[in-house]
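Working notes, beginning with the structure itself.
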Amino acid sequence: MSGDSISALLRSTDPVLDAFAEEVGDRDRVVVVGARTRWTTGGKPADDAREVIAPSGVVSYIPDEMTVTVRAGTSVEALHAELAAAGQRTALPERGGTVGGAIAVGENGLFPLGRGRVRTAVLQVRYVSAEGRLVTGGGPTVKNVTGFDIPRLMTGSLGTLGCLAEFILRTNPIPAVGRWQRSSDADPFAVLDTVLRPSVVLWNGSTTWVQLEGHGPAVESEAQKLATMGTWVDADGPPERPRHRWSLTPDELRNTRQFGEEFVASIGVGTAWAVVPQPPQEENAGVRLISDRLKAQFDPTGRLNPGRSI
């Protein structure tokens, strides 16, 4: 078989993705550009890397199956606007930026308790490999797979294992009722243990915020549970959160002295926001070894998003 024939077999049936794969190619160092909202996460991309722009647009949306196929360069705002017309949403964070950027960073939104985590929302990923080939991993109906779980592997990889091009994401319904409440005398950890599936429980050391979502009677029932645990008033929404995002185990959130004077913690999730950055964590030698081996297997020449490290 000729080289041209082999190249033809490697192409997809999507000219947009084929064009992106050709642009990435198999030579020199490249960095994928989105909205640059997470541009320095994991390190600033190398100055000499060639910039490529991921394709954008919603490819297909099947509300009844609660899945959407969307390209990496699509803004999260545009995606959620289209889904909202059918009463649905995703787990992606609503703080700006692109779908590919949010998934590359692996950033959960404010509501993983209610909407799920980004890592589990990605059902399929299509990316361009270091060899310039378009690769598909996962699928909307895959239940048992062998080898790498490519969607979860690519989520949070900062684009260092492949140039992210397109995803199939799980969607979930927008509840009929959403209600914010806050209390200055409730125990946030007891709230999490008592309330049935709160969308979020936030705490700043003195005040607890809760969002309840669901059908009206169910939300009212959970609000009555809250009333047995403290004095609550309606709130307009979540509190403003400090700039620096921390990642901890849920139990580590109890040690509030580490955050300084101002913080907001997401109870049961392991995320906090503080006015001071999180101190560097001691590197786990085993995790580093696995990361290095994955990088060597997926990108042996280090050409994909150089300058970043997971």
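Following the working numbering, the numbering of the sequence shown begins with 96 at its first residue and continues without gaps.
Where a beta carbon is used, it is the ideal one built from N, C-alpha and C, also for glycine.
Check: What separation, rounded to the nearest whole angstrom, lies between the Cα atoms of L343 and F358?; Outcome: 13 angstroms
Check: Assuming V44 and I148 are in contact, meaning their beta carbons sit under 8 angstroms apart, how far apart are those beta carbons, in whole angstroms?; Outcome: Because residue 44 is not part of the residues shown, which for the chain are 96 to 405, the question remains open.
Check: Assign L205 to one of two classes, buried (16 or more other C-beta atoms within 10 Å of its C-beta) or exposed (fewer than that).; Outcome: buried
Check: Would you call S279 buried or exposed, if buried means 16 or more other Cβ atoms sit within 10 Å of its Cβ?; Outcome: exposed
Check: Residues in the same chain with beta-carbon distance under 6 angstroms from G251, minus the five sequence neighbours each way, listed in chain order, please.; Outcome: G201
Check: Go through its chain and collect everything with a Cβ distance to K390's Cβ below 8 angstroms, but skip five positions before and after it.; Outcome: T255, L256 and G397
Check: In chain order, which continuous runs of the beta strand (DSSP E) of length 3 or greater are located wholly inside the region 267 to 350?; Outcome: 272 to 278, 295 to 298, 303 to 309, 327 to 329 and 339 to 342
Check: Suppose contacts are defined by Cβ-Cβ distances below 7 angstroms. Is G304 in contact with R277 by that definition?; Outcome: Residue 304 is actually Trp in this sequence, not Gly. A contact, by the Cβ cut-off of 7 angstroms.
Check: Expressed to the nearest angstrom, what Euclidean distance is found between the alpha-carbon atoms of S102 and D244?; Outcome: Unreliable placement is indicated for S102, whose pLDDT of 41 sits below 50; the coordinate value is still reported in the next sentence. S102 and D244: Cα-Cα distance of roughly 26 angstroms.
Check: Indicate whether the contact test is met: 3 or more Cβ pairs, each with one atom in the region 321 to 335 and one in the region 221 to 232, closer than 8 angstroms.; Outcome: no
Check: Report the three-state DSSP secondary structure of T162 (helix, strand or coil).; Outcome: strand
Check: Rank A260, L264, S294 and L174 by C-alpha distance to the C-alpha of V272 and give the top, closest one.; Outcome: S294
Check: Between the region 347 to 355 and the region 366 to 378, are three or more C-beta pairs nearer than 8 angstroms?; Outcome: yes
Check: Per DSSP, what kind of secondary structure is E118 in: helix, strand or coil?; Outcome: helix
Check: Are the beta-carbon atoms belonging to R403 and G152 less than 7 angstroms from one another?; Outcome: no
Check: Helix, strand or coil: which one does DSSP assign to T70?; Outcome: This structure leaves residue 70 out entirely; the chain is present only between 96 and 405.
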